[in-house]
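Numbering (the numbering used here), first residue to last: 50 to 563.
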């Protein structure tokens with residue numbers, strides 16, 4: 050017993066000594082780099098357990114973005130340090146620090162091994178989990194697939210919009226029933242994304258219709274479950290592995306089964322095609338993202354991983370944007386009517402689609418202002434992070450006045466909250482919390498507005514998402530002239546936070562134009 054006490058005392062003394070020396074070394078490094086200490090968030094419970102409880106409670110209540118805004122108000126600064134579950138990190142909403150993370154000091158930061166390990170079971174090693182040379186290779190492989198010619202093809206989208214409209218049938222007075230529109234948008238974007246990326250649509254919308262049977266009937270639910278659990282895992286930091294429920298493992302099996310099926314078909318098509326075949330020459334085949342990737346790599350695991358990464362970004366972000374947009378339309382009929390008038394002027398009534406194109410959607414100024422404003426208030430990725438690749442700095446946040454650089458130790462995480470930054474009155478005025486598309490009429494944004502990230506890792510699918518969302522909005526506003534929220538849906542819906550953010554269910558009715 051006595052020897053055990055000696056060993057334990059020695060271990061504790063060594064730890065304290067090591068920690069003390071490390072602190073002194075870090076302070077010396079910070080001084081050499083011209084840094085001042087950043088404020089520290091005080092924990093009320095050991096290991097920052099109270100901070101973890103706060104995050105989980107905010108998730109359960111569906112108010113994570115609002116709770117993070119309160120957190121920064123309580124700290125009375127835009128950048129501070131904190132600790133939780135044995136990890137120290139920086140949290141920031143300062144545009145200059147975020148610019149350093151993503152652009153001006155890009156090589157000093159990476160996604161990090163923690164992100165990769167947390168997301169790996171579902172996403173594998175792809176463009177949104179990789180760093181270094183593998184990321185550069187992945188981005189170079191994927192970038193050409195989002196060229197304008199591919200993004201501008203709206204015939205594919207029209208097919209799935211028609212499936213959506215089949216679920217929006219009206220009564221003799223022209224009104225649809227009460228509908229959970231957000232759920233429909235997530236199925237719409239899954240259908241279009243799987244067709245564009247994999248060459249095979251899961252037709253999740255048609256599965257909702259009577260007597261419709263499709264092999265991949267559980268894919269939508271499985272994908273939603275998987276991404277929700279990924280979001281929960283990342284909050285546990287280095288203890289992500291403790292959260293590995295059966296439903297998560299089962300959902301991964303289902304989405305991988307679909308991806309592997311499509312990859313094998315694409316590899317077989319590539320192997321069987323010959324120069325001069327009608328499929329490769331005389332008759333131009335339908336563009337498929339996967340078929341283009343197969344020209345670059347034949348590794349089925351790499352193909353699956355890249356597809357899963359892009360599907361996550363291409364499906365969930367657009368569905369989130371559409372879901373929030375129509376809830377805001379119902380709350381702001383003036384904006385809805387103004388945009389509908391512009392759409393009818395530019396594109397004509399519902400029967401006409403010939404004037405709708407990539408270019409014309411982009412030149413519909415008020416439509417773009419609406420999209421910008423929805424993305425400001427409800428960014429699809431409300432928070433993100435990077436890990437320092439070496440001892441480095443962030444340009445602002447230290448010292449008594451908060452204007453000095455701060456030291457960031459190698460391996461330390463930096464979390465940034467776009468959802469809070471997008472509502473800072475300094476940049477957006479006293480109506481920062483209000484939905485006002487007109488603010489964009491005379492505004493050019495910088496690093497205070499980042500719905501699609503920035504720097505070398507800026508979202509490659511930005512134009513794809515905006516084009517799809519713009520097209521769906523245009524077609525629905527050509528078809529319907531009024532929206533009405535259920536009384537219980539009049540207050541802002543709860544946030545459903547996974548890897549991306551979307552509204553929980555809200556109930557709405559649409560009136561068909563005559």
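Every residue, glycine too, gets a C-beta built ideally from N, C-alpha and C.
Pick helix, strand or coil for residue i, following the three-state DSSP scheme.
i, result
"residue 496", "coil"
"residue 257", "coil"
"residue 248", "coil"
"residue 531", "strand"
"residue 566", "What is shown of the chain runs 50 to 563, which leaves residue 566 out entirely."
"residue 561", "strand"
"residue 123", "helix"
"residue 428", "coil"
"residue 434", "strand"
"residue 544", "strand"
"residue 316", "helix"
"residue 358", "helix"
"residue 184", "helix"
"residue 220", "coil"
"residue 201", "coil"
"residue 235", "helix"
"residue 345", "coil"
"residue 552", "strand"
"residue 294", "coil"
Would you call residue i buried or exposed, if buried means 16 or more other Cβ atoms sit within 10 Å of its Cβ?
i, result
"residue 81", "exposed"
"residue 77", "exposed"
"residue 277", "buried"
"residue 143", "buried"
"residue 55", "exposed"
"residue 331", "The predicted model places residue 331 with a pLDDT of 49, which falls under 50 and marks its position as unreliable; any figure quoted below should be read in that light. Result: exposed."
"residue 540", "exposed"
"residue 95", "exposed"
"residue 258", "exposed"
"residue 74", "exposed"
"residue 291", "exposed"
"residue 449", "exposed"
"residue 412", "exposed"
"residue 329", "Residue placement at residue 329 is poorly supported in this model, since its pLDDT is 49, which falls under 50; the coordinates still yield a value, given next. With fewer than 16 Cβ atoms within 10 Å of its Cβ, residue 329 is classed as exposed."
"residue 350", "exposed"
Looking only at its own chain, which residues have a Cβ that is under 6 angstroms from the Cβ of residue i, when we skip the five neighbours before and after it?
i, result
"residue 148", "496"
"residue 392", "523, 526"
"residue 97", "132, 133"
"residue 180", "159, 160"
Is the beta carbon of residue i within less than 6 angstroms of some heavy atom of the ligand MG?
i, result
"residue 367", "Ligands are entirely absent from the displayed structure, and the ligand MG is therefore not among its contents."
Does the separation of the CB atoms of residue i and residue j fall below 7 angstroms?
i, j, result
"residue 249", "residue 407", "no"
"residue 422", "residue 486", "yes"
"residue 312", "residue 353", "yes"
"residue 254", "residue 240", "yes"
"residue 513", "residue 200", "yes"
"residue 518", "residue 371", "yes"
"residue 430", "residue 117", "no"
"residue 534", "residue 559", "no"
"residue 415", "residue 388", "yes"
"residue 489", "residue 418", "yes"
"residue 234", "residue 368", "yes"
"residue 358", "residue 499", "no"
"residue 244", "residue 205", "yes"
"residue 217", "residue 208", "no"
"residue 339", "residue 308", "no"
Which residues in the same chain have their Cβ closer than 8 angstroms to the Cβ of residue i, if we skip the five residues on either side of it in sequence?
i, result
"residue 554", "229, 231, 232, 542"
"residue 287", "134, 135, 136, 163"
"residue 345", "190"
"residue 195", "509, 510, 512, 513"
"residue 384", "377, 378, 419, 484, 486"
What does a CB cutoff of less than 7 angstroms around residue i pick up in its chain, not counting 5 residues either side in sequence?
i, result
"residue 442", "82, 84, 454, 455, 456, 457"
"residue 381", "484"
"residue 150", "158, 435, 463, 465"
"residue 129", "87, 88, 89, 90, 140"
"residue 373", "423, 427, 552"
"residue 168", "178, 279"
"residue 303", "267, 268, 271"
"residue 107", "113, 116"
Ranges of the alpha helix (DSSP H) found wholly within the segment 447–482, counting only runs of at least 4: 467–470, 474–477
Residue ranges of each beta strand (DSSP E) within the segment 74–141, 3 or longer: 128–133, 136–141
Ranges of the alpha helix (DSSP H) found wholly within the segment 373–403, counting only runs of at least 4: 382–396
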